[in-house]
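**Student:** All letters in the sequence shown, in the order written, are residues -32 to -1, 1 to 382 by mature numbering (1 follows the signal peptide of the UniProt record, and there is no 0). Backbone N, C-alpha and C define an ideal beta-carbon position, used for all residues, glycine too. None of the values given here were measured: they were computed from a predicted structure. Once you've had a glance at the structure underneath, I'll fire off some questions.
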Amino acid sequence: MGFMNKQVFRVGFSLLMAFWVALGTLTQPAMALTTEQKLVSEVWRIVNRTYLDETFNHQNWAAVRQKVLEKPLTDSNASYAAIGKMLKSLDDPFTRFLDPEQYRSLQVNTSGELTGVGLQIALNPETGKLEVVAPIAGSPADKAGIRPRDRILKIEGVSTENLTLDEAATKMRGPSGSLVTLLIERDGEAETEIRLTRDRIALNPVVSDLRVSAEGTPIGYLRLTQFNANASTELAHAISSLEKKGADAYILDLRNNPGGLLQSGIEIARQWLDSGTIVYTVNRQGIQGSFEAFGPPLTTDPLVILVNQGTASASEILAGALQDNGRAQLVGETTFGKGLIQSLFELSDGSGLAVTIAKYETPQHRDINKLGIKPDKVISQDPINRDQIGTEADLQYQAAVELLKKNSVVAGKV
């Protein structure tokens, strides 16, 4: 009996040990992640926590991560490629990875200077083609006549079809004085090869001037080319100067302004509004935040805003805020239609990640993404060069002056 008990014990103990070993094999902690795998996981977690679309483009986001980590990542370039592939599955051109050099370049673009051709670009979400949002005023691209909505097919003979937004931007940047060739496609015209000389692009976003209409009304003309870190302060200085010079009305030119910093657009809207909502933001939980104006404005004089197809992002937030609050009328063409908000994250190795975290709605709850904002007065015109802006050749500007004249008559100023 004792022998039998010992045998049963031994067998039972052996089975228990075998089960314990098997269980231990199944439940032991995962192998330590490599540096490359940690970076992939870092990106995955940020997107998992903040991305606007909670379905992650109708896919199992955890399974996407697992699939990426199954393959060996031998160096940083391999991890960058894996991250790019992971983000591409979201089918969102605005959610993108930036290597350390691209990340630094983006920071410069919103705060200082850059050396290149002077183009703001985007990937068309419907066609996937690389599109010009707008040339920067006075840049080599602007002087060469490149227009909003032009498609860039090749850079230095390399097709842009499989390039990310930042890869394309990097190819167009380079030392001042160096040459770059772009193959451009434009509606109704044959493909054109344009050779540009790179230059240092000054990112001074504000141009201002006091002009007098034919009827003698002093008009403050303000052209805002982008929403960088200095835009709000520079525009406030320009408005203050024009007020001292006697401006009785204003034209704010946002044509070909591709946007920039959301906060800059909000601060500039506050310069014109006494009160009211500027913009609503909606994240994937449907939580709606808002930014408000709290006055006083820098001026209450009549205002007309000029917009066109190159007016995008923060420009549309500003234009929509002032239109919906009845502070300004819009003249020109329907805007670009980018109603998504990205947040920028710095990663552990000095690279960066731009993630679409929310969408915005105008004060009257208009979702303008892919639709744009329609002006109060639609005026189309053939492209004009920089020297013709604000002249008789500028039909949209002339229409704005006429609108200000009517507003002044109604207000009893004339």
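Check whether the Cβ atoms of Lys97 and Arg72 sit closer than 8 Å, and answer yes or no.
**Tutor:** Position 129 of the sequence shown, counted from the start, is the residue given in the question as residue 97. Position 104 of the sequence shown, counted from the start, is the residue given in the question as residue 72. No.
**Student:** Is Lys111 near the ligand ADP - that is, is its Cβ less than 7 Å away from at least one heavy atom of it?
**Tutor:** With respect to the ligand ADP, the structure offers nothing, as it holds no ligand at all.
**Student:** Is Phe262 buried or exposed, if buried means 16 or more other CB atoms sit within 10 Å of its CB?
**Tutor:** Counting from one through the sequence shown, the residue named residue 262 turns up at place 294. It is exposed - the Cβ of Phe262 has fewer than 16 other Cβ atoms within 10 Å.
**Student:** Flag this pair as yes or no: are the beta carbons of Asp335 and Leu298 separated by less than 8 Å?
**Tutor:** The residue labelled residue 335 in the question sits at position 367 within the sequence shown. The residue labelled residue 298 in the question sits at position 330 within the sequence shown. Their beta carbons are not under 8 Å apart, which means Asp335 does not touch Leu298 by this criterion.
**Student:** Which value, in whole angstroms, describes the spacing of the CA atoms of Val(-22) and Asn25?
**Tutor:** For this step, residue -22 is matched to residue 11 along the sequence shown. For this step, residue 25 is matched to residue 57 along the sequence shown. Note that Val(-22) scores 42 on pLDDT, short of 50, meaning its location in the model is unreliable and no value can be drawn from it.
**Student:** Give the straight-line distance between the Cα atoms of Leu169 and Val101, rounded to the nearest whole angstrom.
**Tutor:** The residue you call residue 169 lines up with position 201 of the sequence shown. The residue you call residue 101 lines up with position 133 of the sequence shown. For clarity, residue 169 is Ile in the given sequence; the question names Leu instead. Using only the alpha carbons, I get a separation of about 17 Å.
**Student:** Taking the C-alpha atoms as reference points, what is the distance between Gln34 and Thr2?
**Tutor:** Reading the sequence shown from its first residue, position 66 is the one you call residue 34. Reading the sequence shown from its first residue, position 34 is the one you call residue 2. Taking the straight line from one Cα to the other gives about 14 Å.
**Student:** For Ala206, collect the residues of the same chain with a Cβ closer than 7 Å to its Cβ; drop the 5 residues on either side in sequence, then sort them by chain order.
**Tutor:** Here residue 206 refers to the residue found at position 238 when the sequence shown is read from its first residue. So the qualifying residues of the chain are Val174, Ser176 and Leu190.
**Student:** How long is the line joining the alpha carbons of Gln253 and Ile352, rounded to whole angstroms?
**Tutor:** Locating residue 253 in the sequence shown gives position 285, where the first residue counts as 1. Locating residue 352 in the sequence shown gives position 384, where the first residue counts as 1. Taking the straight line from one Cα to the other gives about 44 Å.
**Student:** Please state the DSSP three-state secondary structure of Ser311.
**Tutor:** By one-based count along the sequence shown, residue 311 stands at place 343. If DSSP states are grouped into helix, strand and coil, Ser311 belongs with the strands.
**Student:** Could you please give the first and the last residue of the uninterrupted alpha helix (DSSP H) stretch that includes residue 383?
**Tutor:** This structure cannot settle anything about residue 383, because the visible part of the chain is limited to -32 through 382.
**Student:** With DSSP as the reference, please indicate the residues paired to Ile120 in a beta bridge.
**Tutor:** Here residue 120 refers to the residue found at position 152 when the sequence shown is read from its first residue. Answer is Ile152, bridged to Ile120.
**Student:** Between which two residues does the alpha helix (DSSP H) containing Leu230 stretch?
**Tutor:** One-based indexing of the sequence shown puts residue 230 at position 262. Counting along the chain, the alpha helix (DSSP H) containing Leu230 begins and ends at Leu230 to Arg238.
**Student:** Where DSSP assigns a beta bridge to Thr249, which residues make up the other side?
**Tutor:** Start at 1 with the first residue of the sequence shown, and residue 249 comes out as number 281. Paired residues: Gly257 and Tyr328.
**Student:** I need the straight-line Cα distance from Ile236 to Ser200, nearest angstrom please.
**Tutor:** Along the sequence shown, one-based indexing puts residue 236 at 268. Along the sequence shown, one-based indexing puts residue 200 at 232. So the alpha carbons of these two residues sit roughly 5 Å apart.
**Student:** Can you give the beta carbon distance from Gly233 to Ala282, rounded, assuming they're within the 8 Å contact cut?
**Tutor:** As a first step, residue 233 must be located in the sequence shown, where it is residue number 265. As a first step, residue 282 must be located in the sequence shown, where it is residue number 314. Contact flag correct, Cβ pair sits at about 4 Å.
**Student:** Does DSSP put Thr359 in a helix, a strand or coil?
**Tutor:** As a working note, residue 359 is residue 391 in the sequence shown. Of the three classes helix, strand and coil, the one that applies to Thr359 here is coil, per DSSP.
**Student:** Less than 8 Å between C-beta atoms, sequence neighbours within five positions excluded: which residues of the same chain meet that for Glu360?
**Tutor:** Residue mapping note: residue 360 aligns to position 392 of the sequence shown, counting from 1. So the qualifying residues of the chain are Gln366.
**Student:** Give the DSSP-derived three-state secondary structure of Asp177 in the structure shown.
**Tutor:** The sequence position of residue 177 within the sequence shown is 209, counting from 1. Correct three-state label for Asp177: strand.
**Student:** What runs of the alpha helix (DSSP H), each 4 residues or longer, lie entirely inside the segment 36 to 89?
**Tutor:** List check, alpha helix (DSSP H) in window: 44 to 56 and 68 to 77.
**Student:** Can you tell me the Cα-Cα spacing of Gln88 and Arg115, whole angstroms?
**Tutor:** As a first step, residue 88 is located in the sequence shown; it is residue number 120 there, counting from the start. As a first step, residue 115 is located in the sequence shown; it is residue number 147 there, counting from the start. Going from the Cα of Gln88 to the Cα of Arg115 covers about 11 Å.
**Student:** Please classify Lys213 as buried or exposed, where buried requires at least 16 neighbouring CB atoms within 10 angstroms.
**Tutor:** Working through the sequence shown from its first residue, we reach residue 213 at position 245. Exposed.
**Student:** Under a CB-based cut-off of 8 Å, is Pro265 close to chain C?
**Tutor:** In the displayed structure, chain C is absent; only one protein chain is listed.
**Student:** When DSSP labels each residue in this structure, what does Asp109 get in the three-state scheme?
**Tutor:** Residue numbering aside, residue 109 sits at position 141 when the sequence shown is read from its first letter. The identity of residue 109 in the sequence shown is Ala, whereas the question assumes Asp. Three-state DSSP puts Ala109 in a helix.
**Student:** Between the C-alpha atoms of Ala136 and Met54, what's the straight-line distance to the nearest angstrom?
**Tutor:** Mapped onto the sequence shown, residue 136 falls at position 168. Mapped onto the sequence shown, residue 54 falls at position 86. If you take the alpha carbons of Ala136 and Met54, they lie about 19 Å apart.
**Student:** For Leu230, count neighbouring Cβ atoms within 10 angstroms of its own Cβ and tell me buried if that reaches 16, exposed if not.
**Tutor:** Taking the sequence shown and counting its residues from 1, the one referred to as residue 230 is at position 262. The residue in question, Leu230, is buried, as its Cβ has 16 or more Cβ neighbours within 10 Å.
**Student:** Tell me the DSSP bridge mates of Gln345?
**Tutor:** Walking along the sequence shown from the start, residue 345 turns up at place 377. Before going further, note that residue 345 is Lys rather than Gln in the sequence given. Answer is Val299, bridged to Lys345.
**Student:** Could you have a look at Gln364 and say whether DSSP puts it in helix, strand or coil?
**Tutor:** Start at 1 with the first residue of the sequence shown, and residue 364 comes out as number 396. In the structure shown, Gln364 sits in a helix (DSSP, three-state: H, G or I).
**Student:** Please list, in chain order, all residues of the same chain as Trp12 whose beta carbon is under 6 Å from its beta carbon, the five residues on each side excluded.
**Tutor:** The count along the sequence shown starts at 1 and reaches residue 12 at position 44. Here the set comprises Arg33.
**Student:** Counting C-beta neighbours from all protein chains within 10 Å, is the total for Asp155 16 or more, i.e. buried, or is it exposed?
**Tutor:** Position 187 of the sequence shown, counting from 1, holds the residue named residue 155. Classification of Asp155: exposed, given that the 10 Å Cβ count is below 16.
**Student:** For a test of the three-state rule: what should DSSP assign to Leu372, helix, strand or coil?
**Tutor:** As a position in the sequence shown, residue 372 is number 404, starting the count at 1. Leu372: helix per DSSP, three-state reduction.
**Student:** Give me the Cβ distance between Phe65 and Leu312, rounded to the nearest whole Å; I'm assuming they're in contact under 8 Å.
**Tutor:** The residue you call residue 65 lines up with position 97 of the sequence shown. The residue you call residue 312 lines up with position 344 of the sequence shown. Not really, about 11 Å apart at Cβ, beyond 8 Å.
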